[in-house]
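First the structure, in the form of structure tokens, and then the observations on it.
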Amino acid sequence: MKFDSSQITVVIAIAAIISPVIVAVVNDIFTYKLKKREFESNTLKLKQEQEFQQHKLDIESQNDLRRLISNFVASANHYYHAILIEDLGLIDKSQDEFANSNAKLFVELSTEEQKQMLDWLNRSHTENKLEWQNLVNEINSEAPKLLKSVNHK
1 MKFDSSQITV VIAIAAIISP VIVAVVNDIF TYKLKKREFE SNTLKLKQEQ EFQQHKLDIE
61 SQNDLRRLIS NFVASANHYY HAILIEDLGL IDKSQDEFAN SNAKLFVELS TEEQKQMLDW
121 LNRSHTENKL EWQNLVNEIN SEAPKLLKSV NHK
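Residue numbers (our numbering): 1 to 153.
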């Protein structure tokens, strides 16, 4: 089959028109797939960053709660010590410290743990050394359970 110059010219003209269109379509498909992968990658990174930030907040919250529990137990022991040495000024200061640490911890605990805290607070209004010794022993023995419950929140 022989081609004359007009047929070749027509074929070249058609190729010249169609070729950029085909290149543009292929380029658009490639760009779309590239942008889609980039978007998915950015979405994954954002999700991972959000999970990391949430995990960080959870750890900070747990550490704050541990600190509140430690302060509560320490204040109970300070209060007991003040009662033992019968220092009225220290008793008043320690009593305020105990009530304050109890109040700060109270709002962070479960309902069951709050009932226990209220019981301890009510029982703390005594200056009887034996009752305080029993109360402090109970608080000290329950502190690890409170700290353990923090890990499950």
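Where is the CB? At the ideal position from N, CA and C, for every residue including glycine.
Every value quoted in this text rests on a predicted model; they were computed, and no experiment measured them.
*Assuming valine 150 contacts asparagine 77 (C-beta within less than 8 Å), just tell me the rounded distance between them.*
Valine 150 to asparagine 77, Cβ: 20 Å. No contact.
_Could you check whether tyrosine 80 and phenylalanine 98 sit closer than 7 Å to each other, using their CB atoms as the reference points?_
no
*Note down, in chain order, each residue of its chain lying with its Cβ closer than 7 Å to the Cβ of lysine 129, except the 5 sequence neighbours on either side.*
Ile83, Leu84
*Going straight from the alpha carbon of serine 110 to that of glutamate 142, what length do you get?*
14 Å
*Could you please give the first and the last residue of the uninterrupted alpha helix (DSSP H) stretch that includes glutamate 38?*
5-85
*Provide the residue span of the alpha helix (DSSP H) that contains serine 127, from first to last.*
Reading off the sequence shown, one finds glutamate at residue 127, where the question assumed serine. No alpha helix (DSSP H) contains glutamate 127, which DSSP labels as neither H nor E.
*Start and end residues, alpha helix (DSSP H) containing serine 101*: 88-106
_Distance CB(leucine 68)-CB(leucine 105) smaller than 7 Å_ = yes
*Where does serine 110 sit, in a helix, a strand or coil, going by DSSP?*
coil
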